[in-house]
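Have a look at the structure below, then the notes.
In our numbering, the protein residues as written are 4 to 127.
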């Protein structure tokens, strides 16, 4: 456990205990996050590829372009597994900061559900 305070324009808060987490901007933070979440690829299964750095995780899945709409259900299932696993670790996902990118798709916008939020496709 460590202690910390907030400094805003030389106005300091009281010292407080920090029971978990890591100081933002630390060298150790990204390393601990990667260790903490290292089991994610096994949790999500062989059909996914994950990349993690700092507090960002990219979950990649692949399917033929002509099967994208059918694949959205599988993507929602992967999101549920991911969210529940992170909750078990005491972590949360912010749907507002979540992107859904489809490479090579030029069709109508698609959405998938994550925590009751509709995430709209970004295309590249």
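Glycine included, each C-beta is placed from N, C-alpha and C at the ideal position.
If I'm right that residue i touches residue j with Cβ under 8 Å, what's the distance once you round it to whole angstroms?
| i | j | result |
| --- | --- | --- |
| residue 26 | residue 7 | 7 Å |
| residue 105 | residue 124 | 5 Å |
Any idea if residue i is buried or exposed, counting beta-carbon neighbours within 10 angstroms, 16 or more meaning buried?
| i | result |
| --- | --- |
| residue 35 | exposed |
| residue 82 | buried |
| residue 11 | exposed |
| residue 47 | buried |
I need the DSSP call for residue i, collapsed to helix, strand or coil.
| i | result |
| --- | --- |
| residue 82 | helix |
| residue 36 | helix |
| residue 23 | coil |
| residue 103 | strand |
| residue 91 | helix |
Determine the direct distance from the alpha carbon of residue j to that of residue i, and round the result to whole angstroms.
| i | j | result |
| --- | --- | --- |
| residue 113 | residue 72 | 8 Å |
| residue 80 | residue 117 | 9 Å |
| residue 102 | residue 37 | 20 Å |
| residue 90 | residue 40 | 12 Å |
Less than 7 Å separating the Cβ of residue i from some heavy atom of the ligand ATP?
| i | result |
| --- | --- |
| residue 57 | As presented, the structure is devoid of all ligands, the ligand ATP included, so that no description of it is given. |
* Per the contact definition of three or more C-beta pairs closer than 8 Å, is the stretch 13–23 in contact with the stretch 43–55? -> no
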